[in-house]
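Enquirer: Counting from 0, one number per residue, gives the positions in the sequence shown under numbering that gives the first Met the number 0.
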Amino acid sequence: MSEINLNKLKLQTPNIYEENIKKLKELFPQIVSEDKIDFDILKQLLSNTIVEADDERYRLDWVGKKRSLLKANTPINKTLRPCKNESVDFENTKNLYIEGDNFEVLKLLQESYLNKIKMIYIDPPYNTGKDSFTYPDDYSKSRSDFEDEIGLRDDEGNKLFKNTDSNGRFHSDWLSMMYERLLVARDLLKDDGVIFISIDDNEVHNLRKICDEIFGEDNFVGEIIRKTKSMTGDEGTGFNLQHENLIIYSKNKSKLILNGEEKVFDNYKNSDNDSKGDWTSGDPSAKSGSESTYFEIINPLTNKSDFPPKGRFWAFSKKSLDEYIQNGKIKFKNEYKESERGFIFKRYKNELQSLFNPVNSLYSIENDYMNQVGTKEIKSIFEDEYFDNPKPILFIQKIVQYSVDKDDIVLDFFSGSSTTAHAVMKLNSEDGGNRKFIMVQIPENTDEKSEAYKAGYKNICEIGKERIRRAGAKILENNKDKDLSSLDIGFRVLKVDSSNMKDVYYHPNQLGQGDLLNFETNIKEDRSDLDLLFSIMLDLGICLDLKITTKIIDDKKLYFIENSELIVCFEENITLKIIEIIKEEKPYKVVLKDGCFANDTQKINAILELSLITSISVI
0 MSEINLNKLK LQTPNIYEEN IKKLKELFPQ IVSEDKIDFD ILKQLLSNTI
50 VEADDERYRL DWVGKKRSLL KANTPINKTL RPCKNESVDF ENTKNLYIEG
100 DNFEVLKLLQ ESYLNKIKMI YIDPPYNTGK DSFTYPDDYS KSRSDFEDEI
150 GLRDDEGNKL FKNTDSNGRF HSDWLSMMYE RLLVARDLLK DDGVIFISID
200 DNEVHNLRKI CDEIFGEDNF VGEIIRKTKS MTGDEGTGFN LQHENLIIYS
250 KNKSKLILNG EEKVFDNYKN SDNDSKGDWT SGDPSAKSGS ESTYFEIINP
300 LTNKSDFPPK GRFWAFSKKS LDEYIQNGKI KFKNEYKESE RGFIFKRYKN
350 ELQSLFNPVN SLYSIENDYM NQVGTKEIKS IFEDEYFDNP KPILFIQKIV
400 QYSVDKDDIV LDFFSGSSTT AHAVMKLNSE DGGNRKFIMV QIPENTDEKS
450 EAYKAGYKNI CEIGKERIRR AGAKILENNK DKDLSSLDIG FRVLKVDSSN
500 MKDVYYHPNQ LGQGDLLNFE TNIKEDRSDL DLLFSIMLDL GICLDLKITT
550 KIIDDKKLYF IENSELIVCF EENITLKIIE IIKEEKPYKV VLKDGCFAND
600 TQKINAILEL SLITSISVI
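(1) Would V220 and S197 qualify as a contact pair, given that the criterion is a beta-carbon distance under 7 Å?
(2) Nearest-angstrom Cα distance between L611 and I580?
(3) Opposite W313 in the DSSP bridges: which residues?
(4) Does the distance from the CB of K317 to the CB of F294 come in under 7 Å?
(5) Could you tell me which residues DSSP pairs with G471 in its beta bridges?
(6) Express the C-alpha separation of L557 and T548 in angstroms, rounding to a whole number.
(7) Expressed to the nearest angstrom, what Euclidean distance is found between the alpha-carbon atoms of L573 and R80?
(8) Roughly how many angstroms lie between the CA atoms of F381 and G455, to the nearest whole one?
(9) Give me whichever residues DSSP pairs with H242 in a beta bridge.
(10) In terms of residue numbering, what span does the alpha helix (DSSP H) encompassing D538 cover?
(11) Could you check the C-alpha separation between N272 and F312 for me, to the nearest Å?
(12) Determine the direct distance from the alpha carbon of D60 to that of E98, and round the result to whole angstroms.
(13) Could you say which of T236, N47 and D544 lies nearest to N562 if we only look at CA atoms?
(14) Quick one: what's got a C-beta closer than 7 Å to D211's C-beta in the same chain, skipping five residues either side?
(15) The alpha helix (DSSP H) spanning V399 covers which residue range?
(16) Would you check whether the ligand MN has a heavy atom nearer than 6 Å to the C-beta of E222?
(17) Please say whether P357 and G373 have beta carbons closer to each other than 7 Å?
(18) Figure out for me which residue from N598, Q601, L565 and F569 has the closest Cα to the Cα of S614.
(19) Please determine, among I603, E103 and D199, the residue with the shortest C-alpha to C-alpha distance to E179.
(20) For I364, which three-state DSSP category applies?
(21) Name the one or two DSSP bridge partners that R346 has.
(22) Just reading off the alpha helix (DSSP H) that F306 is part of, what are its end residues?
(23) For N366, which residues in the same chain have their Cβ closer than 8 Å to its Cβ, ignoring the five residues on either side in sequence?
(24) With C568 as the anchor, note down where its beta strand (DSSP E) starts and where it stops.
(25) Kindly indicate which residue of E85, T73 and A470 has the alpha-carbon position closest to the one of I49.
(26) Which value, in whole angstroms, describes the spacing of the CA atoms of R346 and T279?
(27) Excluding sequence positions up to five away, which residues of its chain have a Cβ less than 6 Å from the Cβ of M118?
(28) Can you check whether the CB of I578 is closer than 7 Å to the CB of A605?
(29) Go ahead and label E334 buried or exposed: buried means 16 or more other beta carbons lie within 10 angstroms of its beta carbon, across all protein chains shown.
(30) Where L609 and L187 are concerned, what is the direct C-alpha to C-alpha distance, given to the nearest angstrom?
(31) Within 10 Å of its beta-carbon, does L113 have 16 or more other beta-carbons around it, so buried, or fewer, so exposed?
(32) Cα-Cα, which of T292, D277, K275 and F331 is closest to N302?
(33) Per DSSP, what kind of secondary structure is P299 in: helix, strand or coil?
(34) Report back the beta-carbon spacing between D277 and K348 to the nearest angstrom; my notes put them in contact at under 8 Å.
(35) Any idea which residues DSSP pairs M500 with across the strands?
(36) Give the DSSP-derived three-state secondary structure of S379 in the structure shown.
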């Protein structure tokens, strides 16, 4: 009789408290501490004003935390504008390079990439007292005035804050900067998604605490150690620091699967033509067991006995033993040495839970992962050292390989020199993957005395974009013997800018049939159809990497978004033929200009016809 697994009845009413805690934890992991709800944090998440509270509890607090919570939930009046002349293969690529404050970018991507990113890697400022980072604190006028006075803004108004250790809010400013970004970034991850964060010892302890809040303590996966340099001076302490940390958190640990290096199966053979396929001899004993798993096994061919090794048990019961003998999993020997076991315990390749080894937390302690390797790689691309301390390509490539399927999206919102983009393209060239990247970087100015500036790279984004261009070309050059015609080495450049509307901001939740009236009178004069198209894609939650096809029908231009996601027309006096073609395409969404119809009757009839097959908005 086959074994039946039954769930044991609890014979009690449900624990509503625990169930509610579980539901709230899934929605807002940052509100749970020591299995209790922090109602102050919950109130803040559900409020559009700062909520004050002084109750003591186990948590990490700092000046500005509640402002960060508030900022994470506050809409912004910004958009992303495409820049075709700086892009590579704009029409076909699935990769994105976005210039702007990464906090603003993350908020702009909330609708289009909600639950769609498989892996995030970031290498943020380490808060050493020497690094700069963006910290637009709109709630502190004194800070804003101070920044203007000392010139901590670039020509486009971006605030670049030099956080020195003499600052009274040294740790607080860094924590606020990271907290608000990670709060938004978490929502972009798929349920089985994962985030990797490079950090050194200056803030690793604080970073762990805020990640415990945002992702949940239970979703901490582990920490990887990377060797950064060889032996140098001990700075007078007798201690030589040679590493930095890579902390790992999942969106939902129960759904996360990391695959390390592929297992080697050279010792798996099928010498006896076993119908179950290749096998290898395995250890039949286990560390723990009971009386039922400690017994004598008699070899029927030799009548000799075997017992488990001292202090161990068989890994199976007597009942299972009989089954294993019958199906060939246990194979008795005719001849064997006195010290040998009298049978072979087969472990089949097709019974393995995974074809991959676990990810090794010490995989990057070899010299191949040191900072100097990344520097040499930059130099090999640009023929000079245009970027300080870039991560080695192999380091990023491995974590992408371990965590990302071949068609997933990788996001890096502190992209720097674009090592992550380089790593994604290189890995795709090696295993035939179609992984996509989204790079985000603020256009921080390069030092006028630097070699990068002298070479014409006025900001970090120019370095990052050029690296992707050169890296793509180099990958093709080094793989002439392979068919890489499908390899995507392009990228769409998008730049953060103010809303396309003069005085109106439309939140995605406000869009619907008949919305965005008087659009034509509120559009800024310098905005193109393509600008408006990407703004609509953001508002409607459509991925920005989809192919855009332009068609001319009855002398009117229409934009068709890949997979019938969207059809947009900004033209006036469109014909019934255009309406019929749109109906044939059966798009999920349609956006038409309010003035595109010759009269109200035509407008009403067209909207009624289209609304039968799609969602339509009029602009």
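All residues carry an ideal CB built from backbone N, CA and C; glycine is no exception.
Expert: So, from the data block:
(1) no
(2) 14 Å
(3) S284
(4) yes
(5) Its beta-bridge partners do not exist; DSSP assigns none.
(6) 8 Å
(7) A quick correction: the sequence has Ile, not Leu, at residue 573. Roughly 26 Å separates the two Cα atoms.
(8) 12 Å
(9) K226
(10) D528 to D538
(11) 30 Å
(12) 31 Å
(13) D544
(14) F219
(15) I392 to S402
(16) As far as ligands go, the structure on display features none, and thus does not contain the ligand MN.
(17) no
(18) L565
(19) E103
(20) coil
(21) T279
(22) Looking at the DSSP string, F306 is not in any alpha helix (DSSP H), and its letter there is neither H nor E.
(23) K226, S229 and V372
(24) L565 to C568
(25) T73
(26) 5 Å
(27) V193, S402, V403 and V409
(28) yes
(29) exposed
(30) 32 Å
(31) exposed
(32) F331
(33) coil
(34) 5 Å
(35) I522
(36) helix
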